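Take 286 as the starting number for the sequence shown in the numbering used here and just add one per residue.
Just so it is clear, CB atoms sit at the ideal spot from N, CA and C, and this is done for glycine as well.
None of these values were measured; they are calculated from a predicted model.
Presented below is the structure to which this report refers.
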Amino acid sequence: MKVSFLFPLAFSLLILSARSAEPWERAYGELLKKYATPQGVRYAAWKASASDLESLAALTRQIAASGPATPGRDGELAYLTNAYNIWTLQGVLEKYPIKSVRDTAPLFGFFTQSRITVAGEKMSLNKLEKERILKKFQEPRVHFALNCASLSCPPLRDEPYTAPRLEAQLEDATRSFLNGSPFAVQPSADGKRLMISMIFDWYAGDFKASGGPAAFINRYRKEKIREGTKLGYQDYDWSLNAAP
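Shown next as structure tokens:
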């Protein structure tokens, strides 16, 4: 009796889980596996594929039309993180070839112009990032999941963010950037300071609860920042994160 009862229950939960996943998740994952690399995004190859350009455009239409399929904090945060990265890719590929996202519009128009739609609301990438993601969720690790298509930015992950795996994905994205990227932490030219990512300056308030930038970095980085070490901030490299 117990077995016969548990089997349909487990099957029902499996079906519910499948239905709650984003309908575009698989298509997005296939594009990421094809074009996102540790060195950057293969924009030239992507631009050369009419079918994959249309697949990306289809993703933006789905994001524009509907909100997250998975309820709850992790479902919404994963959805919005993917939405930001998808719209960033679309913005770059519409203008490619370019040397920087700053070439697409005056000043920082790529981020400030209301040119994207998420769940029926027209907004800018800045509004999506600062109001819909950072302000609402108070999650500092998401800084290492959002990709601004620039060299100094944490790399684009080669898989979608998903509600069931979001915690592990955010941990991995943060740890990977802080341990593996020269744009995260590196000694100054004179060796007197450690130069850390400008993310920790622009969004300093997001790291206060963790004790500040050094404490946050030390939580994830194998090579710890010693007490008393002088810190500085790296110039942000806005060159396009393009890979061959």
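The closest CA to that of residue 468, considering only 517, 495, 369, is found on 517.
Non-local beta-carbon contacts of residue 395 in its own chain, meaning distances under 8 Å to residues more than five positions away in sequence, involve 376, 386, 387, 389, 410 in chain order. Closest in alpha carbon position to residue 374, among 350, 332, 488, is 332. Residue 321 is not a Cβ neighbour of residue 348, given a cutoff of 8 Å.
The three-state secondary structure of residue 455, taken from DSSP, is helix. When DSSP states are grouped into helix, strand and coil, residue 401 belongs to the strand group. Measuring C-alpha to C-alpha distances from residue 503 to each of 528, 526, 462, 473 identifies 462 as the nearest.
A direct Cα-to-Cα measurement between residue 393 and residue 399 gives close to 12 Å.
Considering only 437, 338, 477, the residue with the shortest C-alpha distance to residue 527 is 437. Judged by DSSP secondary structure, residue 338 falls within the alpha helix (DSSP H) whose first and last residues are 335-350. If you draw a 10 Å sphere on the C-beta of residue 435, you find 16 or more other C-beta atoms in it, and that means buried.
Going by C-alpha positions, residue 330 is about 26 Å away from residue 364. Apart from the 5 residues on each side of it in sequence, residue 309 sits with its Cβ closer than 7 Å to the Cβ of 344, 347 in its chain, given in chain order. Pairing residue 441 with residue 326 gives a Cβ-Cβ distance under 8 Å. CA-CA distance, residue 474 to residue 514, rounds to 15 Å. Counting only residues of its own chain and dropping the five nearest sequence neighbours on each side, residue 521 has a CB closer than 6 Å to the CB of 437, 483. Distances from the CA of residue 316 to each of 306, 339, 324 were compared; the closest alpha carbon is that of 339. In this structure, DSSP gives residue 514 a state outside helix and strand, which the three-state scheme calls coil. Residue state for residue 385 is assigned as strand, using DSSP reduced to three classes. Secondary structure of residue 375 (DSSP, three-state): helix. Residue 445 is classed as buried because its beta carbon has at least 16 other beta carbons within 10 Å across all chains shown.
Of the residues 491, 477, 523, 524, the one whose Cα lies closest to the Cα of residue 510 is 477. Between residue 431 and residue 362 the beta-carbon gap is near 11 Å, outside 8 Å, which marks them as no contact. The shortest C-alpha to C-alpha distance from residue 505 to any of 459, 492, 488, 471 is the one to 459.
When DSSP states are grouped into helix, strand and coil, residue 469 belongs to the coil group. With respect to the 8 Å criterion, residue 418 and residue 355 are not classified as neighbours on the basis of their beta carbons.
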